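Before any comments, here is the structure.
Residue numbers (my numbering), protein chains in the order written: chain A, 1 to 120; chain B, 121 to 199; chain C, 200 to 425.
Below, the structure written as structure tokens:
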């Protein structure tokens, strides 16, 4: 049990965040809560990508002194991809929030069921 | 070491569940910012300092700020 | 009915993800491209932060795409939230003297810290995106604490456009000098010095200015009320 936990604790964390984010997007009916769920889903996927690139007893890939040991450095490619993903995540969140503000000014409510009833 | 990481992962999952349960939207946003902050600490434990810095600056601070500014222009309580 | 379908969907997704996660070993080396970047990175690009050399030099085109996405998002927010009427901030009580003075005292320190992070992006952990986000938090502090000061629109638009233009122009200069877009044509210098690694510090300075002013303009558009 302890060795299973030690191996997979990061995967369990990322998996739990993805599931909770998906639950909030599917079930809740306030628009801003759905956008909060989108942000949590984003964080879970980024955590999963970084935990795939980890090597046991590795160090960060930076050559701070000239003669440093480079045998145990971890993979730098997932970190570069996740850096891009974090910035794009915040851009998508900001655009979604501005659309939510517009929706509130037009319909007067942010409840998705009431908006669906009002459209017909 | 494993206990510290387990405690942080449990804290993160509790924060995510709290963000889905709270009815006051500002409390939900602060719980989501807590999830981002603990994820940034976990990024540091996974030997990724660039990503930890980016997640702390962008995910924990700026995302919470723009959420609160948007909530101020709409309603505060979920119906 | 809707709840039952969504819980069923969640169970199917959970089964799928957990079955594939069990096959990925945690902590074993997985790819060979990473080994090549670590062994040859300092020799080929001159930057000692390998993640920076991957983001700017080896996969520089993806960074250009990301800068474009951020630009489109900022333009989209400005277009969605504008109504053409005269904009005014909401009526608030002015902040106390301690808050006002504290914000004005902290603001240049935050700007210097953010600038330090993106100038040293190729030597220490950091870079353009992190430094730009810190600069945007400094401007957010001014918006929250000292509400009579406004950031001039013209200056932030100019900083953003110059940052993006510098990135594309340096890429095209690489195309003119050598064979391909974003070729590293400046001398590489000694490792671990400030003026080393060719075009990487220049590109990160441009990205730092651009991301900082873009996030500031996003906050500015969201705060103003029409």
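Every residue, glycine too, gets a C-beta built ideally from N, C-alpha and C.
Just so it is clear, the structure is predicted and the values come from calculations on it, not from any experiment.
How would you list, in chain order, the residues of chain C whose beta-carbon sits under 7 Å from the beta-carbon of residue 182 of chain B?
Ordered by position in chain C, the residues that pass the 7 Å Cβ test against residue 182 of chain B are 332, 335, 336 and 414.
I need the boundaries of the alpha helix (DSSP H) containing residue 217 of chain C, first residue and last residue.
Segment 201-220, the alpha helix (DSSP H) holding residue 217 of chain C.
Is there at least one Cβ from chain E nearer than 8 Å to residue 325 of chain C's Cβ?
No chain E appears in the structure shown, which is made up of the protein chains A, B and C.
Nearest CA to the CA of residue 391 of chain C: which residue from C/244, C/203, C/370 and C/279?
Per the C-alpha coordinates, the member of C/244, C/203, C/370 and C/279 positioned closest to residue 391 of chain C is C/244.
Please confirm whether residue 162 of chain B has its beta-carbon closer than 8 Å to some beta-carbon of chain A.
Yes, residue 162 of chain B lies at the interface with chain A (some Cβ there is under 8 Å from its Cβ).
Contact criterion: CB-CB distance below 8 Å. Does residue 169 of chain C meet it with respect to chain A?
Residue 169 of chain C lies beyond the stretch modelled for chain C, which goes from 200 to 425, so this question has no answer here.
Residue of C/253, C/276, C/308 and C/225 minimising C-alpha distance to residue 420 of chain C
Closest by alpha carbon: C/276.
With a threshold of 8 Å between beta carbons, is residue 115 of chain A in contact with chain B?
So, not an interface residue.
Report yes or no: do the segment 407-417 of chain C and the segment 247-261 of chain C share at least 3 C-beta pairs separated by less than 8 Å?
By the C-beta criterion, the segment 407-417 of chain C is judged not to be in contact with the segment 247-261 of chain C, since fewer than 3 inter-stretch pairs fall below 8 Å.
For residue 418 of chain C, which residues in chain B fall below 9 Å Cβ to Cβ?
By Cβ distance, chain B contributes 182, 185, 186 and 189.
For residue 71 of chain A, three-class secondary structure by DSSP:
Residue 71 of chain A falls in the coil class under three-state DSSP.
Measuring straight from C-alpha to C-alpha, what distance separates residue 130 of chain B and residue 360 of chain C?
As the crow flies, the alpha-carbon of residue 130 of chain B is around 44 Å from that of residue 360 of chain C.
Indicate whether at least one CB of chain C lies closer than 8 Å to the CB of residue 153 of chain B.
Cβ-Cβ to chain C under 8 Å: no for residue 153 of chain B.
Is there contact here, the segment 35-45 of chain A with the segment 67-80 of chain A, by at least three beta-carbon pairs under 8 Å?
No, they do not touch.
Quick one: which chain B residues come within Cβ less than 8 Å of residue 100 of chain A?
What residue 100 of chain A touches in chain B: 190 and 194.
Taking only the alpha-carbon atoms, compute the straight-line gap between residue 60 of chain A and residue 150 of chain B and give it to the nearest angstrom.
Rounded to the nearest angstrom, the two C-alpha atoms are 30 Å apart.
Run through DSSP, which three-state label would residue 226 of chain C get?
Of the three classes helix, strand and coil, the one that applies to residue 226 of chain C here is strand, per DSSP.
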